[in-house]
Structures are given as C-alpha cells and as structure tokens.
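Novice: Pasting a structure here, questions to come.
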Amino acid sequence: MSALTDIAAGARHIRSIQRPDGSIPWLKAGIWDPWNHGESVMALAVAGDRAATLAGLDYLAGQQEPDGGWTGELGAGVPLDADNRHLIPDNPATARDTNFAGYAAVTVLRSILALEDAHLIERYGSMVKRAVSFVLSCQTVHGDIVWCAPGPGQLRENIDSLRAGNACLYKSLECAIRLGELAGWNTGDWRAARARLGDALHDKDWRFDREGVDRRRFAMDWYYPVLAGVSSIEDGRRRLDAGWSRFVIDGLGCRCVADEPWVTAAETAELALACAAAGWPKRARRLIADLQPLSAPGGGYWMGWQFAEECIWPQEQPGWTTAAVMLAADAIEGLSPGSDLLIAPLPDDPVRRRGGELPAF
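My numbering numbers the first residue of the sequence shown as 78 and each following residue consecutively.
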C-alpha cells in the first residue's frame, strides 16, 4: 500500500477511461497517442491489473505502423472551450513522433516486470524491435534524434531535435537494451546508438532547438536529463539545484513552464522521479505529497493548479496524469516488482563527468 497515493483508486480512474478496444485516450472524449497510452498501461501493471494491462499492450501493438512507428494525436495543441476550462479534442493534429514510438520499450518492460511474466516478451518483443528501428532511422550523424519521421521529400536534417524528448529516448533505449538482455537478443547496435545519443545530450547542446524556439523554459528540459541518467548523480543534483527556484513552488509542486503561474501534477511527479534518480528520496516524497490538493474523489488527479487565479486548470483529469503520480509513488516506495526501472541506470553505463555542455539553469 502506498502512503503517497491510492494506487487502486488511480487504476479505477484509468480503467474508466480505457475503451473496450484497449485504448486509453487522455480523456473519455478522446486524444490518443502511444506515449500517454503507455504511461497509463504501466500504471495499470503496477496496480496488478493484468487484463487491462494486456488489453492496452495489445491495442498498442495493433496500432503500430509497418515501419515501426505510430501516428499519435498532439494533445498539447488541443484548444479549450469558450469558458477556458475543458479541452475540445475534435480532430487534433497528428505526428509520427520518435519519442512516442520509443516509449513502447519502457511500456513493455515495465509491464512485464510488474506482472512478473517474462513470457510476454514473446508476445510484444517484435513490437519493441520495430519501434527501436523506427527511432534509430531518425538519428542524425551527431547522435541526436529528430522529433518526428521525415515526410515525403523532407530532409531529416531539417527537422528539429528536442532536448526532453531525446532524454526520454535515452531511457527508452536503455529499456530496450534491458529487454533484449532478458530475451537474449544482440543489443550491440542499440548500445552504440544510445551512447551517441547520450554524448549529444551531454556535449552537443547546439543540436537541440535548432529552429529558433528555446524550450528551456519548460520544466521537462530541465529535469528529464537527470531522470534519464544522462550524467552522473553528482551532476544531476547540481542541475536540479540550479533550476529549483525557477521551476518549483514550495508546497505546490513544479511549474510546467518557468514563466507561467501553473503547477502540474505530471511534471511534479516526473520531477519527483528525477529527485529519486539523483538520490534525493525525501525531496521526491515531498513533491508527491504536495499534490494531494489535486487528487480528485474518483481516484484521478487534476491536471494542474493555476496559483495566480487560485483555481484548478484545466478542469480535466487525464489518465496519464494519474498514471504519472502512480508510477512516481511506485518508484519512490518500491511498491511493485521492477519499481526502480524508471530511476536506475544501466549498471555498465559510462559516467559522463562534469565539464560537458549540458547546461544547468
């Protein structure tokens, strides 16, 4: 049992959103992408719901496209209603996002570990292999991975690479390697590609945000390299300390964007994971405890709190928001088998020392 959140209630909330075909959109009204679907699937696995987990994994496998990628809806661009309270998920834009695809490796491995069923590798291993092939087809000679697959006539080099997305892919490739080790696959090429990606994140910051949009105002760009284990624990702590006052509101949580008065449950939960990865369990626990005011009676979590207006905003409880809190609590408290997957690096990872270009804040 968790002292930080109600895992069973959270799973009930996610199941209330899951559709009969196994898909888990953001909301009952819609918005589906493989990353946030996967987040919810993992939370169901942590809660011990085998049937709902496998339904979600089967749906994910069924939606995979021939080249290993997925087409996902871009929820971040969905407009709000006239009252500025609820999302309107009608015909959202879509993309074949590399980070969306890579997260399948995390989803599958975390689910297998939580359910303690290695035989599921036979069922979902080919999906992960194809997803990794898709992701690595989008890696540049510099090691970074562009954010989406090139369209017809589009050059890969003309597509931007995103810092947070690449950090998440670093973790996704780690999970693919771990899964491969369990299955007896040759993961040498994956290891080499992941090493190149880590070097790009640590030493080639100029490869990110090349199109003129500086995304370092987003909290994910700050904490995700720490969560993913790109650098040493010491450097991770230094990075978190450098940006703490910019992003964290004491007693409330983590801002989504540095210059907006909005703390969000998902970013706070992920920051808690980053703190746990950096060896700061007390900070991690405090962050999750600060989210209690955002917990809803039905087991879900509200997306965020607009602290200038002192209101919940928007008035939505996405499944992935609840899942993020559940996964953070699981990792911090060691609730289920494999609970340290999201916060523990590969045992033989190279240690990138201080002095690289990965900027603090």
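The beta carbon of each residue, even a glycine, is placed where N, CA and C say it ideally should be.
#1: I'd like to confirm the pairing. Which residues does DSSP put opposite ARG332 in its beta bridges?
#2: List the whole-angstrom C-beta distance separating SER188 from VAL290, where the pair is believed to meet the contact cut-off of C-beta under 8 Å.
#3: Need the endpoints of the beta strand (DSSP E) that GLN216 sits in, please.
#4: How many Å lie between ASP126 and PRO395 at the Cα?
#5: Would you give the residue range spanned by the beta strand (DSSP E) that GLN140 belongs to?
#6: What would DSSP say about PHE384, mapped onto helix, strand or coil?
#7: Could you tell me the alpha carbon to alpha carbon distance between GLY146 and ALA159, rounded to whole angstroms?
#8: With distance defined between alpha-carbon atoms, name the residue in THR399, THR264, ARG233 and TYR300 nearest to ARG314.
#9: Applying the 10 Å Cβ sphere with the 16-neighbour rule, what's the burial state of THR398?
#10: Can you name, in chain order, every residue of its own chain whose Cβ lies under 7 Å from the Cβ of ALA305, other than the five neighbours on each side?
#11: Are the CB atoms of VAL402 and ALA346 nearer to each other than 8 Å?
#12: Could you check whether GLY139 and LEU121 sit closer than 8 Å to each other, using their CB atoms as the reference points?
#13: Please classify VAL325: does DSSP put it in a helix, a strand, or coil?
#14: With a threshold of 16 other CB atoms inside 10 Å of the CB of GLN369, please say whether the residue is buried or exposed.
#15: Hey, how far is the Cα of SER308 from the Cα of GLY230?
#16: Alpha carbon to alpha carbon, how far is HIS163 from PRO156?
#17: Could you check how far apart the C-beta atoms of ALA408 and GLU116 are, in whole angstroms? I think they sit under 8 Å.
#18: From this set, TRP382, ASP298, ASP266 and GLY265, which residue's C-alpha is nearest LEU278's C-alpha?
#19: Roughly how many angstroms separate the alpha carbons of HIS90 and GLY275, rounded to a whole number?
#20: For a quick check, are the C-beta atoms of GLY107 and PRO166 less than 8 Å apart?
#21: Can you tell me whether GLY375 sits near the ligand GDP, meaning its C-beta is under 7 Å from at least one heavy atom of the ligand?
#22: Suppose contacts are defined by Cβ-Cβ distances below 8 Å. Is ARG240 in contact with PHE285 by that definition?
#23: For the segment 383-390 and the segment 347-355, state whether three or more C-beta atom pairs, one from each stretch, are separated by less than 8 Å.
Specialist: Here's the rundown:
#1: Per DSSP, VAL340.
#2: Between the beta-carbon of SER188 and that of VAL290 there is about 34 Å, and that puts the pair past the 8 Å contact cut.
#3: Neither: GLN216 is in no beta strand (DSSP E) and is coded neither H nor E.
#4: Spanning the two alpha carbons is a distance of roughly 19 Å.
#5: Not the beta strand (DSSP E): GLN140 falls in the alpha helix (DSSP H), residues 127-140.
#6: Reduced to three states, the DSSP call for PHE384 is coil.
#7: One Cα belongs to GLY146, the other to ALA159, and the distance between them is close to 35 Å.
#8: It is TYR300.
#9: THR398 is buried by the Cβ-count criterion.
#10: Same-chain partners within the cutoff: ALA244, CYS245, TYR247 and LYS248.
#11: Yes, the Cβ-Cβ distance between VAL402 and ALA346 is below 8 Å.
#12: Cβ atoms of LEU121 and GLY139: not closer than 8 Å.
#13: Three-state result, VAL325: strand.
#14: With fewer than 16 other Cβ atoms within 10 Å, it is exposed.
#15: Across the structure, SER308 and GLY230 are spaced so that their CA atoms are roughly 36 Å apart.
#16: Taking the straight line from one Cα to the other gives about 8 Å.
#17: With a beta-carbon spacing of about 13 Å, ALA408 and GLU116 fall beyond the 8 Å limit used to define contacts.
#18: Taking only the C-alpha atoms, the option nearest LEU278 is ASP298.
#19: The alpha-carbon atoms of HIS90 and GLY275 are separated by roughly 36 Å.
#20: Contact flag set, yes.
#21: Annotation note on the ligand GDP: not contained in the displayed structure, which lists no ligands.
#22: Pairing ARG240 with PHE285 gives a Cβ-Cβ distance under 8 Å.
#23: No, they do not touch.
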